[in-house]
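Asker: Residue numbers (full-length UniProt numbering), protein chains in the order written: chain A, 1 to 213; chain B, 1 to 213.
Protein chains: 2
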Amino acid sequence: MSETRILIVDDHPLFRRGVRQLVEMDPDMTIAGEASNGAEAVEAAGTLELDLILMDLNMARMDGLEALRQIRSNGVDTRLVMLTVSDADDDVVAALRAGADGYLLKDMEPEDLLARIKEAAEGKLVISPQLAAILAGIVSGGRAAPADALSSLTSRELDILRTLARGMSNKMIARRLDITEGTVKVHVKNLLKKLGLRSRVEAAVWAVNHGVS
Amino acid sequence: MSETRILIVDDHPLFRRGVRQLVEMDPDMTIAGEASNGAEAVEAAGTLELDLILMDLNMARMDGLEALRQIRSNGVDTRLVMLTVSDADDDVVAALRAGADGYLLKDMEPEDLLARIKEAAEGKLVISPQLAAILAGIVSGGRAAPADALSSLTSRELDILRTLARGMSNKMIARRLDITEGTVKVHVKNLLKKLGLRSRVEAAVWAVNHGVS
DNA sequence: GCGTGGCTACCCCCTAAGAGGTAGCCAGAT
DNA sequence: ATCTGGCTACCTCTTAGGGGGTAGCCACGC
Chain A
1 MSETRILIVD DHPLFRRGVR QLVEMDPDMT IAGEASNGAE AVEAAGTLEL DLILMDLNMA
61 RMDGLEALRQ IRSNGVDTRL VMLTVSDADD DVVAALRAGA DGYLLKDMEP EDLLARIKEA
121 AEGKLVISPQ LAAILAGIVS GGRAAPADAL SSLTSRELDI LRTLARGMSN KMIARRLDIT
181 EGTVKVHVKN LLKKLGLRSR VEAAVWAVNH GVS
Chain B
1 MSETRILIVD DHPLFRRGVR QLVEMDPDMT IAGEASNGAE AVEAAGTLEL DLILMDLNMA
61 RMDGLEALRQ IRSNGVDTRL VMLTVSDADD DVVAALRAGA DGYLLKDMEP EDLLARIKEA
121 AEGKLVISPQ LAAILAGIVS GGRAAPADAL SSLTSRELDI LRTLARGMSN KMIARRLDIT
181 EGTVKVHVKN LLKKLGLRSR VEAAVWAVNH GVS
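Structure representation (structure tokens):
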């Protein structure tokens, strides 16, 4: 398949440049155009061949929300993700109601942001983690970490988590539980997925904070 | 029962000779082997039939602490006593945390040293009197580093620790603090040493338990 | 002036960690 | 009888982590 063509809309040239650099680190994505305000975005959305629009909210001539509305009312259904500093509930809700396919905060980690942009291009609804709670009550498909995450773990996974949370390496855990290191890795991998975490460090902190011991 | 077989690990041949002479004054003990560095010690610990290892800390090819860790991680639980000139808190704590069964200073009186070695071979935890205070602090404070470990950290190291304890990778920390990943690694390395910990996972758990946030 | 500690950055080297995948075995459920 | 979930074990591949070292710059204290 050909590369994903993206329009970046933001009134700060430097920010656009940063996003361009980030996005084009991925060989499958390219910045097909830039716009510095909502009006230009509406224009570009109607003329360029686009797969995804990254839109700022706060812009001078026309803000992102209004631009989104005009784009949609022009019958353009290009995927569009808000990329902004505002974490206000109202902004999030309004953007999604107006037809945004995602809402990301500018202070995300770059590689995380890049991953979300890719997901958005693939058709997923992407939301910054901090906003997941807000979204839970509004959108049905929200992906917030389940409160009963602990009970979803098998007893073996709990064994591993408890040991991991004492700072043990996979090898030490393996020796202690008398299984191979490879098997420990499998359990760690699975429990990370179940808990929605990304590393054993997060798992250890999670375990301590949830009284797993 | 048969005589106690001891491995002496020290990079000074003369010191080894002195210990050998001292130990073999006791008819129930014998020096079953000598090693001049940590690597040799790890090797010997895995092959010789031993009851006790006397290990120096400061050695060229592999220091005693690392040798101890490797021995333990090889699943060898032979009793092991550090025999060194260092009376630094950090060294004592690290050795005991790494699984040492004792920590003796080289400037002890010979007959006193011999008595302690016998005790160690019998299963006791032996500590040079001068270090008793340190040990008391460790035992009462549960696990973890010296009481003033936190205050020994520089402000930058605290920055790193706080961020690390949120599960961030070195790369993420670097981006957040606007330094290179290499520099983050340096700080992590140093704070691990100061806290007597062995991995970022232990550091994260330590941070949570000590309210570093 | 000089040394020291703190922060930064880089080097090399090796191991640990994590994401994929396949697969065998077993117990409990259907 | 077949299926499913859980536990085990192995594979490959890539990145992350951590130990060792050197070094420049700066601020502080002596």
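Ideal Cβ positions, reconstructed from N, Cα and C, are used throughout, including at glycine.
#1: So what does DSSP say about A:Val85, is it helix, strand or coil?
#2: Go to B:Ala115, then tell me how far its beta strand (DSSP E) extends in each direction, as first and last residue.
#3: Taking 7 Å as the cut-off, is the CB of A:Asn58 close to at least one heavy atom of the ligand NAD?
#4: By how many angstroms is the C-alpha of B:Ala207 removed from the C-alpha of A:Ala184?
#5: Find the nearest neighbour of A:Gly167 within the set A:Arg156, A:Leu158 and A:Val205, judged by alpha-carbon distance.
#6: Label A:Asp28 either buried or exposed according to how many other C-beta atoms from any shown protein chain fall within 10 Å of its C-beta, with 16 as the threshold for buried.
#7: Just mark B:Asn170 as buried or exposed, buried being the case when its beta carbon has 16 or more other beta carbons within 10 Å.
#8: Let me see if you follow: with CB-CB separation under 8 Å, is A:Ser169 close to chain B or not?
#9: Bridge partners of A:Met29, per DSSP?
#10: List the residues of chain A that B:Ala204 touches, going by C-beta distances under 8 Å, in chain order.
#11: Excluding the 5 residues flanking B:Arg156 on each side, which residues of the same chain have their C-beta closer than 7 Å to its C-beta?
#12: Check whether the Cβ atoms of B:Leu50 and B:Gly99 sit closer than 8 Å, and answer yes or no.
#13: Please tell me whether B:Asn209 has its Cβ less than 8 Å away from any Cβ of chain A.
#14: So A:Arg198 contacts chain B; which residues on that side make the cut at Cβ distance below 9 Å?
#15: Taking only three categories from DSSP, how would you classify B:Asp91?
#16: If A:Asp63 and A:Gly38 are in contact, beta carbons under 8 Å, what's the gap, nearest whole angstrom?
#17: Please check if any C-beta of chain B sits within less than 8 Å of the C-beta of A:Pro110.
#18: Could you say which of B:Lys189, B:Ile160 and B:Ala165 lies nearest to B:Glu175 if we only look at CA atoms?
#19: When DSSP labels each residue in this structure, what does B:Met55 get in the three-state scheme?
#20: On a Cα-Cα basis, can you pick out the residue from B:Asn74, B:Ala32 and B:Lys193 that is closest to B:Gly46?
#21: When you compare only the Cα positions, how much space is there between A:Leu54 and B:Leu195?
#22: Measuring only the C-alpha atoms, how far is A:Leu22 from A:Glu3?
#23: Relative to the C-alpha of B:Glu24, which residue among B:Ala95, B:Ala35 and B:Lys118 is closest?
#24: When burial is assigned at 16 or more other CB atoms within 10 Å of the CB, is A:Ala35 buried or exposed?
#25: So, with DSSP's three-state summary, where would you put A:Asp77?
#26: If contact means a Cβ-Cβ distance below 8 Å, which residues of the UniProt domain "Response regulatory" (5–121) of chain B contact chain A?
#27: Are the beta-carbon atoms of A:Arg79 and A:Leu52 separated by less than 8 Å?
#28: Find out if the Cβ-Cβ distance for the pair B:Val126, B:Leu105 is shorter than 8 Å.
#29: Compute the Euclidean distance between the alpha carbons of B:Ala41 and B:Met82, then round it to the nearest angstrom.
#30: Quick one: what does DSSP say A:Leu22 is sitting in, helix, strand or coil?
#31: Counting only beta-carbon atoms, is A:Thr175 nearer than 8 Å to chain B?
#32: Hey, does B:Ala133 have any beta-carbon neighbour from chain A nearer than 8 Å?
#33: Between the beta-carbon of B:Leu57 and the beta-carbon of B:Leu65, is there less than 8 Å?
#34: Between the C-alpha atoms of B:Ala60 and B:Pro13, what's the straight-line distance to the nearest angstrom?
Answerer: For this structure:
#1: Reduced to three states, the DSSP call for A:Val85 is coil.
#2: Residue range Pro110 to Ala121 is occupied by the alpha helix (DSSP H) that includes B:Ala115, with no beta strand (DSSP E) assigned at that position.
#3: The ligand content of the structure shown is nil, which means the ligand NAD is not present either.
#4: It is worth fixing the name first, because residue 184 of chain A is Val in this sequence and not Ala. B:Ala207 has its alpha-carbon roughly 25 Å from the corresponding atom of A:Val184.
#5: The residue with the shortest Cα to Cα distance from A:Gly167 is A:Val205.
#6: By the Cβ neighbour-count rule, A:Asp28 is exposed, with fewer than 16 other Cβ atoms within 10 Å of its own.
#7: Counting Cβ neighbours within 10 Å, B:Asn170 comes out buried, since at least 16 surround it.
#8: So yes, A:Ser169 belongs to the interface.
#9: BP columns for A:Met29 point to A:Thr4.
#10: Simply Val201, Ala204 and Val205.
#11: Counting only Cβ-Cβ distances below 7 Å, and skipping sequence neighbours, we find His187.
#12: It is not a contact, given that the beta carbons lie outside the stated cut-off.
#13: Yes, its Cβ sits closer than 8 Å to a Cβ of chain A.
#14: The answer, in chain order, is Gly167 and Ser169.
#15: DSSP places B:Asp91 in the helix class (H, G or I) of the three-state scheme.
#16: By a beta-carbon distance limit of 8 Å, A:Asp63 contacts A:Gly38. Their separation comes to about 6 Å.
#17: For A:Pro110, the answer is yes, since a Cβ of chain B falls inside 8 Å of its Cβ.
#18: Correcting the residue type first, residue 175 of chain B is Arg in the shown sequence and not Glu. Of all alpha-carbon atoms in B:Lys189, B:Ile160 and B:Ala165, the one lying nearest the alpha-carbon of B:Arg175 is that of B:Ile160.
#19: DSSP places B:Met55 in strand when its eight states are reduced to three.
#20: For the residues B:Asn74, B:Ala32 and B:Lys193, the minimum Cα distance to B:Gly46 belongs to B:Asn74.
#21: Rounded to the nearest angstrom, the two C-alpha atoms are 44 Å apart.
#22: If you take the alpha carbons of A:Leu22 and A:Glu3, they lie about 15 Å apart.
#23: Of B:Ala95, B:Ala35 and B:Lys118, the residue nearest in Cα terms is B:Lys118.
#24: It is buried - the Cβ of A:Ala35 has at least 16 other Cβ atoms within 10 Å.
#25: In the structure shown, A:Asp77 sits in coil (DSSP, three-state: anything other than H, G, I, E or B).
#26: From the UniProt domain "Response regulatory" (5–121) of chain B, only Ser73 and Gly75 have a Cβ closer than 8 Å to chain A.
#27: Yes.
#28: Not in contact: B:Val126 and B:Leu105 (Cβ atoms no closer than 8 Å).
#29: Their Cα atoms are separated by approximately 13 Å.
#30: It is helical.
#31: Note that residue 175 of chain A corresponds to Arg in the displayed sequence, not to Thr. Answer yes: the Cβ-Cβ gap between A:Arg175 and chain B drops below 8 Å somewhere.
#32: Residue confidence for B:Ala133 is low, a pLDDT of 42 falling below 50, so the modelled location carries little weight and cannot support an answer.
#33: Against a cut-off of 8 Å, the Cβ pair of B:Leu65 and B:Leu57 comes out as a contact.
#34: For B:Ala60 and B:Pro13, the distance between alpha carbons rounds to 14 Å.
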